[in-house]
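Chemist:
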Amino acid sequence: MMLPGISRMLMTGLPPSEFVEGMKIKGIRVPGIGHRVKRGDNRDKRVELLQRYARENFPSVEYMEYAVQVETYTLSKANNLILNTDGVIGSLFLDLPEGTGMFTKQEIDEIVEIGYLNGLFVLARSIGLIGHTFDQKRMKQSLYRHPWEDVLYTK
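When we follow the numbering used here, the leftmost residue of the sequence shown carries the number 86, and every step to the right adds one.
(1) Identify, in the order they occur along the chain, each residue of the same chain with its Cβ nearer than 8 Å to the Cβ of I196, setting aside the five sequence neighbours on each side.
(2) In the DSSP assignment, find the alpha helix (DSSP H) that holds S102 and state where it starts and stops.
(3) May I have the straight-line CA-CA distance separating Q221 from E192, to the nearest angstrom?
(4) Going along the chain, which unbroken runs of the alpha helix (DSSP H) with 4 or more residues stay wholly within the stretch 170 to 218?
(5) If we count the other Cβ atoms within 10 Å of its Cβ and call it buried at 16 or more, is Q226 buried or exposed?
(6) Does the Cβ-Cβ distance between I167 and R114 come in under 9 Å?
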């Protein structure tokens, strides 16, 4: 998730190319960028739907647009370095509280720094795991069990 990074970059006015190159120098992957399957010519429809919804309904999409600029730059480096769902959701988590005017800048910064919003990413993945479990039960399939010899236990 790119919340703290994108928040700081927008505050300092750092261009997306400098942000990406700075992360590269530090040896850090850009959170919210990259996909194992999707590419620049085969985008994730969920990202497109979220972007369209936000542009039509959010008071401001400043952070999301910055993330899109980051994506434009990263796509010039590799075709799989697209804005992924975590990246668009992370940027919208910043746009929403700021756009509503219900939070001060200090409150938003505190929410980001403490990591409250990371819980929403965990929640979404938990719901996905529950959904997979229900699907397997509905289809009368046994639950997936990883081979014991591949599971590492330590003492």
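Here a beta-carbon is modelled for each residue, glycine too, at the ideal position from N, C-alpha and C. Keep in mind it's a predicted model, so treat the numbers as computed, not measured.
Modeler: Taking the structure as given:
(1) Numbered from 1 along the sequence shown, position 111 holds the residue referred to as residue 196. Only P182, F188 and L202 meet the Cβ criterion.
(2) Taking the sequence shown and counting its residues from 1, one reaches residue 102 at position 17. From DSSP, the alpha helix (DSSP H) with S102 extends over P101 to K111.
(3) Mapped onto the sequence shown, residue 221 falls at position 136. Mapped onto the sequence shown, residue 192 falls at position 107. In a straight line, the C-alpha of Q221 is about 42 Å away from that of E192.
(4) As far as the stretch 170 to 218 is concerned, its whole alpha helix (DSSP H) runs of at least 4 residues are 170 to 185 and 190 to 199.
(5) Walking along the sequence shown from the start, residue 226 turns up at place 141. In this structure Q226 is exposed. Its beta-carbon is surrounded by fewer than 16 other beta-carbon atoms within 10 angstroms.
(6) For this step, residue 167 is matched to residue 82 along the sequence shown. For this step, residue 114 is matched to residue 29 along the sequence shown. Not in contact: I167 and R114 (Cβ atoms no closer than 9 Å).
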